[in-house]
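*Asks:*
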Amino acid sequence: MLTVLTTKPLHKKHNTGANMPTDKRVRDYCLRTNLDLILIGIIVAGYSYHGVDAELAADDNTTTDVHHVDPESQAEVAVHAVFFPWFAQLVGIAVYYVLSRYARAIPFTAMMFLIGLAIGVGVEVRTTDGVDSVVAESVSTWMQIPGELLLLIFLPGLLYVDSYSIDVHLFLKSFSQLFVFAFPMVLAGTALTALVAYYILPYEWSFDLCMTFGAILSATDPVAVSVLMNELGAPPRLRMHISGESLLNDGSAYVFFTIFRARFLYELVPDVGRNIGWGEGFALFFRLSLGGMCIGLAFGIGTVLMLYMLKYRLSGEDSVAQVVLTISVAYLTYFSSELAECSGIIGVVFLGLTVKAFGENLINNIHLMTHFWEITEILLNTLLFTLAGCVFGGMLVDSDKSSAVNEHIFEPRDWGSLFLLFFLMLAIRFFLIFAFYPLISVIGIGTSWQEAIFMSYSGLRGAVGLALALSLFSEVYEITTDTVYRDFAAKVFFLTGGIAMLTLIINAPTCGPLLKKLGLVTPTETRLKIISKYRLRMVQYSLTEYVSLLADERFYDLDFTVVREHVPFLRDITYEQMKAAIKRHKEQTPPRSYKHPNLANVLPYMTNDPPLDDENAEGEDRNAKKSRDNISGIRRRRMSLTNFPRLPSVRHSMRPSARGSIFDLRKSAETKMEANEERLIFIKALRAAYHLLIERGEVESRGFLPYSLFKSLDYAQDTAARGQPLADWEALCVASNSFASHVKMVLLRVKRIFRLRAITINEFHTELEHFGMSFLVQELLAFIKAHEIAEKAFKDLSQGDGKDDLTRAENTVLQESFDQVLLAEQALDEFDEKEVQQIKSHYACHIILSKAAAFYETLSRQGLMSEREAGELLEEMEAYILHTKECQDSSHAGEMSDRHKKAMIPDDDWSPLHLSSSNAKSVTENMREDADEV
C-alpha cells in the first residue's frame, strides 16, 4: 500500500500564517532564510576577524624574540589540510573497486598502506627537489599532527564500532577467557616482545622503550579476519575469541603503553615523562583500567537514557539525533577519560558494550545507525592506513632537509630486523596461546586446539598499533631535538608499520585456507546440500514470479525461448513445476485480483513431460467462465475506468460532477482548487509507485530509466502547481530526450572501450538504436504500471469513507491519468509488435533475475547463508543480468511458429484455462460477470 496517501487534504480550509503553529512558522522562516548559511557566514567572519587581529598583534610585537608565523600563511596551510583526508577516501574507493572485482584476496587496509607509502615517498621527493604543491602541504600537515590529537581523531570511532558490533551475550559468557587474553597474556606478550627488542634487535634501546614497543605490538586488529570469518561462516565461538580478544587487548595494551611511555619520556625530558615505580605502576594500572571502565559505564547509562527519550520511531529527526548522540558521546567519553587521567580506550569500549546491551532495542532506525557506523569505520580506517603509509614512505627518502619524517634512511639491517621480528612475533603468539591453552580450554565457552592454532596465526596488527606508534613518533619529535631518540622513535614506527603490513599481506589472505584446513567451517559436502536446497527454493520462487508476470497484461505474450536462454535455472522447468507455481500464485493473489496467466508461449515447450492430474481441476473448470480476455492494453484501460463516472476530457472539467447538480461559479472555483490539490497528491502517489516498482525489481534502481521517470514527475509537479492538468507523459518525453540521451551514447562508447572490443560505426549505431528502443519500451511499461498502481491507491483512499462515488476533482485527476496512459499506449503501439515482444521478454528476464538476486540477499540478511556464498550467487545473477541487457538477438534457439505451438499444446482439461485463445469473451460479457459476482 502506498504510504504517501495517508491523509486527505483540507480542500475548503487552508493553513495560513494566522492559524499555523508558532514552531512551524519559525521553522519555515529559518528554512526560507537559510539559517545554516548565516551561521557559517558568522563563523567565517569571526575567524577572519581573529586572523586580522592576530596579524595586527604580530606587527605590534615585531621587536620580540619570539618566532612569528604569518597568519595568512598559517590559514592557507590549514585550508590545504582539508584536502588529504578526502583525497585518501577517493583513492580508497578506486582501490575498493579494483580489489572487489579482481583481487579479493588482498586486504583493503594493506593496499591503502602501500598507496600511502607511495604518496609519502612522492611528497618527500618533491619537497627535496624544492617543488611545493597543495598536495604536499596537505600531506605534510597531517604527517606532523601531534600524537594525542591523532589518537583522539581515530581511536574513539574505531573502538566504538568494534565494541558495539560484538555479541554481548557471548561476550559475557566468554569474559573469563577474554580476561586471560587481555591482561595476563598481553602483559606476557609485551614482556617477551620487549626481551626480543632488548637482546636481539641491534638498536640498543632502553628497557622502557622496549616495553613501550612491546605494548604497541600487543594490540591486535581483527578487521580483516572478522570479515573473512563472516564470509566463510566460521563458528560464533571463534569469532567471539578473535573480536573479544582484540577489543580488550586494545584497552590493556594502551594501559601498558601509557605506563612505559611515561617512563621512556622521562629519559628524554624529565619534566615531560614520569619515573613510575612498581607500586605507582600498579596504582596507575588500576586507575587507568577501572577509571576508564567507570567513565564508560557512566556515559553509557546516560546515552541509554537519551536514546529512550528520543523515542519517536516515526520521526526521522529523532533517528538522526540518536546517531549524532552516539558519535558525540564516543568522542566525549574518550576525551573525558583522558582528561581524568584514565584510559580513554577502555572508556569507549565499555560505552559501546553498555549501549549495545541496554540501548540497542531503543534505537528507532537500526539500519541508519548500523550504516552510519559502517561508513565511519571505513572513513577512519582508510585515512589511518593511508596516513601511516605516508609517514612510513617519508622515512624511506634521503633528504638534506630536516623534516619530521625523512631524516632516517633505513639500512639493510633494518629490513632484516623487520622480517626477523615478524617470525619471532608469530612464534611468541603461538607460545602464548598454547601456554594458556590448558586454562582457556576449560573456562568460559571453551576452545579447541584447532581454534587455538587459528587464533595464533590470525593475530594481525593494525589500526590501534599504528595509531599508538604514530602518537609516540610525533610526540618524540615534538619534545626533543636529540637525533638519537628521534631515530629510536622512527625505528619503532618503521617496525610497527612493517609488522602491520606483513601480517595484512601474508597472514590475512592465508587465513581462509587455514580455516578450511582446520575444519572450522561447515564441511563442503554439507554446505553444498544446503546451497542446493536454497537454489531449489529460489527456482520455485522465481517460477512463481514468472507466472505472475504471465498474468500481467503487459507481459502476456512473453517469449519463453528468451526466458529459457537468459534465465538458465528456468530452462528445464517441468509441467508439474509450472502447475505448482500457478497454484502458489493463485494462493498468494487476492481472489478479486487474480487473473489466469497466459501459457500459450510456455506449454508447447513442456510437452515432453506427461500431463498430471490437477487436484483443483474441477474447481478451475467451474471458474473457467470467469477467466478474462488478454485484450489489448488500451481496451483494458477503458474497462478499468468503469468504476467511476468518466469525464469526456480534461477540457470539459466544468461539467457537473456526480455529487453536484447545481452549477455556479463559486462551486466551479472550489472544484478547480480541489483538483489542484488532488493532482499534486496523485503525483506523489506516482512517485511512490515508481519506488515500489524499484523495490519489486521491475525498474532498475540506477541508470537513466529511473532518472527519466522521476525527472518527469518533477516537471509534472511544476506544471500542476500552476493549476495545469496532469502532463507527466509529455514531461517524460522531455526528460527522455534531454541531455541523458547524449550521455547514454557516450557511456555506451566508453563501455565498449573498457571491454577492449572494436566495433564498426554501423555496429555502434545499430547497438545504440537497440539500446534506445529497449529504453523507451521499458520506460513505457513502467509508466503504465505506475499509473495503474497510483490510480488504485488513489481510488482506495478516496472511497475509504464508505462512499462509492468520487468527487468531481477526483474524477478529473483520474481522467487526466487515463489520458496520459492512453498517449503512452498509443506510443507503444507505434513500435513493431515482434520487436516489442522481444524487448518485453528480455525485460521480464531482467525482472526475474533481479528478484532471484533479492531472494539470495534475503537469505544472507537472515543469516542462512554466509556473505561469501551469497556473494558468489549474486555475482552469478549479475552475469546473467548483464548478458540479458547486451542481447540484441531477435530470435532464439528452439523458437516455434504459431502453428507449431498450437499443435504442441497439451490436450487436457487444465491447459486451456491459461491460453489467450480460450478467453474469447467480450468486454461486455466480462463486465456482466463482474456485476453478477457483486
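Each residue of the sequence shown is one higher than the last, beginning at 1 in UniProt numbering. Every residue, glycine too, gets a C-beta built ideally from N, C-alpha and C.
(1) Going by C-alpha to C-alpha distance, which of L518, L90, P202, T258 sits closest to P235?
(2) G393 and V121 - do their beta-carbons sit closer together than 8 Å?
(3) Applying the 10 Å Cβ sphere with the 16-neighbour rule, what's the burial state of G619?
(4) If I881 and L549 are in contact, beta carbons under 8 Å, what's the gap, nearest whole angstrom?
(5) Out of Y457, V442, S448, which one is the CA nearest neighbour of F431?
(6) Go through its chain and collect everything with a Cβ distance to E857's Cβ below 8 Å, but skip five positions before and after it.
(7) Counting only the same chain and skipping the five closest in sequence on each side, list residues whose C-beta sits under 7 Å from that of V82.
(8) Please name the residue, chosen from R868, P590, L209, A790, that lies closest to V484 on a Cα-to-Cα basis.
(9) Express the C-alpha separation of P568 and M773 in angstroms, rounding to a whole number.
(10) Taking the C-alpha atoms as reference points, what is the distance between M578 and L543?
(11) Assign K595 to one of three DSSP states: helix, strand, or coil.
(12) What does the Cβ neighbour count give for V442, buried or exposed, with the cut at 16 atoms within 10 Å?
(13) With H, G and I counted as helix, E and B as strand and the rest as coil, what does DSSP make of C30?
(14) So for V602, helix, strand or coil by DSSP?
(15) Would you tell me roughly how many angstroms separate the C-alpha atoms of V281 and A136, rounded to the nearest one?
(16) Along the chain, where does the alpha helix (DSSP H) containing P184 start, and where does it finish?
(17) How far does the alpha helix (DSSP H) with Y254 in it reach, from first residue to last?
(18) Could you give the first and the last residue of the continuous alpha helix (DSSP H) run that contains residue 936?
(19) Would you report the Cα separation of G147 and G863, rounded to the nearest angstrom?
(20) Name the residue from T719, Q717, F775, R722 whose alpha carbon lies nearest to the alpha carbon of N737.
(21) Kindly indicate the opening and closing residues of the alpha helix (DSSP H) around W415.
(22) Using 10 angstroms around the beta-carbon of S474, count the other beta-carbons present and answer buried if the total reaches 16, otherwise exposed.
(23) Report the residue from E878, H80, E825, R564 whose alpha carbon sits nearest the alpha carbon of Q838.
(24) Quick check on DSSP: helix, strand or coil for E695?
(25) Reducing DSSP to helix, strand and coil, say where F831 ends up.
(26) Using 10 angstroms around the beta-carbon of K529, count the other beta-carbons present and answer buried if the total reaches 16, otherwise exposed.
(27) Can you find the residues in the same chain that come closer than 7 Å, C-beta to C-beta, to L297, ignoring five residues on each side of it along the sequence?
(28) Skipping 5 residues on each side, what residues in its chain have a beta carbon closer than 7 Å to that of V323?
(29) Buried or exposed: which applies to N249, given that a residue is buried once 16 or more other Cβ atoms fall within 10 Å of its Cβ?
(30) What ranges does the alpha helix (DSSP H) occupy inside the segment 428-508, keeping only unbroken runs of at least 4 residues that lie completely in it?
(31) Using 8 Å as the Cβ pair cut-off and three pairs as the minimum, do the segment 245-262 and the segment 196-206 touch?
(32) Enumerate in chain order the residues of its own chain whose CB-to-CB distance from A321 is below 7 Å, with the five nearest sequence positions on each side excluded.
(33) Between N364 and F358, what straight-line distance do the alpha-carbon atoms span, to the nearest angstrom?
(34) Using only the alpha-carbon positions, how far apart do A735 and F704 sit?
(35) Just the Cα atoms here: how many angstroms apart are I816 and A727?
(36) Examine the Cβ distances between the segment 806-820 and the segment 502-514 and report whether three or more of them are shorter than 8 Å.
*Replies:* In terms of the structure at hand:
(1) L518
(2) yes
(3) Only weak support is given to the placement of G619: the predicted model assigns it a pLDDT of 39, under 50, and the value that follows is read from those uncertain coordinates. With fewer than 16 other Cβ atoms within 10 Å, it is exposed.
(4) Not confirmed; about 16 Å, so no contact.
(5) It is Y457.
(6) A870, L874
(7) none
(8) L209
(9) 25 Å
(10) Straight-line Cα distance between these residues: approximately 7 Å.
(11) coil
(12) exposed
(13) Because C30 carries a pLDDT of 40, less than 50, the predicted location of this residue cannot be relied on, and no value is offered for it.
(14) In the structure shown, V602 sits in coil (DSSP, three-state: anything other than H, G, I, E or B).
(15) Checking the sequence shown, residue 281 turns out to be Gly, not Val. Computed Cα separation, rounded: 42 Å.
(16) That run of the alpha helix (DSSP H) goes 184-199.
(17) 236-268
(18) A query on residue 936 cannot be resolved here, the shown segment of the chain reaching from 1 to 934 and no further.
(19) 41 Å
(20) Considering only alpha carbons, the answer is F775.
(21) 412-435
(22) By the Cβ neighbour-count rule, S474 is buried, with 16 or more other Cβ atoms within 10 Å of its own.
(23) R564
(24) helix
(25) coil
(26) exposed
(27) F350, T354
(28) L368, M369, F372
(29) buried
(30) 437-440, 449-457, 463-479, 483-502
(31) no
(32) L310
(33) 14 Å
(34) 10 Å
(35) A small correction: the amino acid at residue 816 is Glu; Ile does not occupy that position in the sequence shown. Approximately 8 Å between the Cα atoms of the pair.
(36) no
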